[in-house]
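All the letters of the sequence shown, read from the start, carry residue numbers -8 to 250 under our numbering.
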Amino acid sequence: MGELETASKAGFRSVEIWIDSFQEYLKTNTPAETRRRIGDLGLRVENAIGFAPWIVDDASARQKGVEQLKREMAQLAEIGCKRIATPPIGAHTPNDPIIPLPPIAERYRAILDMGSQIGVIPQLELWGFARNLNRLSDVMYVAIESGHPAARVLLDIYHLYKGGSGVEMLPFVGKPAIEIFHVNDYPGNLSREKITDADRIYPGDGIAPIKAALNAIRSPGRTVVLSLEVFNKSYYAQDAQTVAKTAFVKMNRLIGNAD
């Protein structure tokens, strides 16, 4: 909860939470207490970052992953969160096999059905470094082929670059398909082959075409939640409140310039 207190103090009113941190907090607090505390901080949990292996080929492991995801969805529903990220965890390392897209679409359909019943929709997340679902065309195929009206994709300007997808294709995604968008900037001195998650920086401090991306996905009357995830060692060395406030200021500046 300390992270959320920091975010609230910095000015944020919407947050993404990490499932591991959330479940650790639930060991000593009830979901009702957690929801009340979040509300007291003036926050709304828009999404959760999860790592359930729903995509893997092994049927037994996949079933366990789906059951894990179901438990996480139920917990999130109790605090009012309506989304959870579903990246290609378990099928993301260089040694993992490439999974054909049609079965991935079937597996995504299954967790969409489950999430729709619970009230927490899985957001198909693109990871640019992953063995599977590393390109915009891949996640769009899976979302469309799932045939489910609740299908949504979770994109990140950094991961689009890392995976080799340009922002020029964002208009083809379709306005309803994006509800969460990560605005993690990146420096200009690293190729996409060499850049890592730890190289991500504040929005506006790098060369990512964030303004163009936001203009491509924005739609009057519809809210897109912008989120920042940085794992930069130089930021870790600073006071957390300073980092959060800097992020808040730079994100607001970015929004003001996206027109």
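Backbone N, C-alpha and C define an ideal beta-carbon position, used for all residues, glycine too.
{"Asked": "DSSP three-state call for Asp147: helix, strand or coil?", "Found": "strand"}
{"Asked": "With distances taken between CB atoms, is the gap from Ala76 to Asn38 smaller than 8 Å?", "Found": "yes"}
{"Asked": "Is the distance from the Cβ of Leu115 to the Cβ of His139 below 8 Å?", "Found": "no"}
{"Asked": "When burial is assigned at 16 or more other CB atoms within 10 Å of the CB, is Pro113 buried or exposed?", "Found": "buried"}
{"Asked": "Using the three-state DSSP reduction, which class does Glu184 fall into: helix, strand or coil?", "Found": "coil"}
{"Asked": "Only counting runs of 3 or more residues, tell me where the beta strand (DSSP E) segments fall wholly within the stretch 53 to 104, in order along the chain.", "Found": "74 to 77"}
{"Asked": "Could you work out which residue in Ile246, Ile95, Val57 is closest to Val215 when comparing CA atoms only?", "Found": "Ile246"}
{"Asked": "Give the secondary structure of Asn206 by DSSP, where H, G and I count as helix, E and B as strand, and everything else as coil.", "Found": "helix"}
{"Asked": "Can you give me the Cβ contacts of Arg278 inside the same chain, cut-off strictly under 8 Å, excluding the 5 residues immediately before and after it?", "Found": "The question about residue 278 has no answer, for the chain in this structure spans -8 to 250."}
{"Asked": "To the nearest angstrom, report how far apart Glu170 and Ser(-1) are at their CA atoms.", "Found": "21 Å"}
{"Asked": "Decide if Asn86 is buried, meaning its Cβ has at least 16 other Cβ atoms within 10 Å, or exposed.", "Found": "exposed"}
{"Asked": "Taking three-plus beta-carbon pairs below 8 Å as touching, is the stretch 8 to 16 in contact with the stretch 40 to 51?", "Found": "yes"}
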